[in-house]
Every structure is written in C-alpha cells, then in structure tokens.
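**Q** Sending over a structure as structure tokens; questions will come in a sec.
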Amino acid sequence: MYHFDQPATLVGVSELRTQLDKVLKLAKESRVFLGKRQKPVAVLVPIKEFQEMEEFLDQIEDTVLGYIAQERNKKTSLKDYIPLSEMEKRVGLKR
Numbered sequence: 000m001y002h003f004d005q006p007a008t009l010v011g012v013s014e015l016r017t018q019l020d021k022v023l024k025l026a027k028e029s030r031v032f033l034g035k036r037q038k039p040v041a042v043l044v045p046i047k048e049f050q051e052m053e054e055f056l057d058q059i060e061d062t063v064l065g066y067i068a069q070e071r072n073k074k075t076s077l078k079d080y081i082p083l084s085e086m087e088k089r090v091g092l093k094r
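So the sequence shown is numbered by numbering that gives the first Met the number 0: it starts at 0 and just counts up by one.
In structure tokens, the structure reads:
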C-alpha cells in the first residue's frame, strides 16, 4: 500500500482481492485509491463523504436549473406555454 499526505491510501487491485476486509475498513475512515500497475483507476470514499458530495451536487444542480428557468422565463411569454390540462391529454393522463 502507498500512503498519501492527505488521508488516503493507494491499494493495488490484486491486494484488494486478498485483503478486502482490511481495505473496506480503511475506506470507512478515508479515501482509498484503487490502482492498477500503480496508477489510480477508482476511488472508494467513506459513505458520509459520498453523501455530502451527493448533497452538494444536488444543491449545485438545483441552483443551475433555477438560473436556466429564470433565463427561459425572460425569453418566453405565456402564449409559449402549454396548459397542464393539454399536456396531460398529450401524454395520455386525461381524455
């Protein structure tokens, strides 16, 4: 295993096969880089860190989509929109 200055470890794929429990234990505490021929190919991160990244990305996505909606709203008028009742008919939700 190779250790980084930051809390992370590089584990070879062959080592992963033989020491899975040890690697998973490490992954609970810090990032584990999986390497093939000593080059990182994947990363295991603690579940809490993953959840935080997911939440952060969701917030960014919501912000970006909000800006897109505002820009579209500036460029369109009400006549450009399809009423909900009409859309429901088009997709087969109402007759």
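Yeah, the Cβ is synthetic: ideal placement off N, Cα and C, and Gly gets one too.
Look up A7 in the DSSP assignment and give the residues it is bridged to.
**A** A7 is bridged to R30.
**Q** Look at the alpha carbon of I81 and the alpha carbon of Q58, and state the distance between them as a whole number of angstroms.
**A** Each residue's Cα considered, the two are about 28 angstroms apart.
**Q** Over what stretch of residues does the beta strand (DSSP E) that includes L43 continue unbroken?
**A** Segment 38 to 43, the beta strand (DSSP E) holding L43.
**Q** Quick check on D20 - is its C-beta less than 8 angstroms from some C-beta in chain C?
**A** Of the chains in the structure shown, none is chain C; there is only one protein chain.
**Q** Alpha carbon to alpha carbon, how far is E87 from A68? Give it in angstroms, no decimals.
**A** Cα to Cα, A68 sits roughly 21 angstroms from E87.
**Q** Report the option in F55, K21, T8 whose CA atom is closest to the CA atom of K47.
**A** It is F55.
**Q** According to the neighbour-count rule (16 or more other Cβ atoms, all chains shown, within 10 Å of its Cβ), is G34 buried or exposed?
**A** That one is buried.
**Q** DSSP beta-bridge partners for K35?
**A** DSSP lists K38 as partners of K35.
**Q** Spatial neighbours of V44 within its chain, please: C-beta separation below 6 angstroms, excluding the five flanking residues on both sides.
**A** Closer than 6 angstroms at the Cβ level, and outside the excluded window around V44, lie R30.
**Q** Suppose the cutoff is 8 angstroms on Cβ atoms and the five residues either side in sequence are ignored; what does the same chain contact list for L96 look like?
**A** Lying outside 0 to 94, the shown extent of the chain, residue 96 is not represented and no answer is given.
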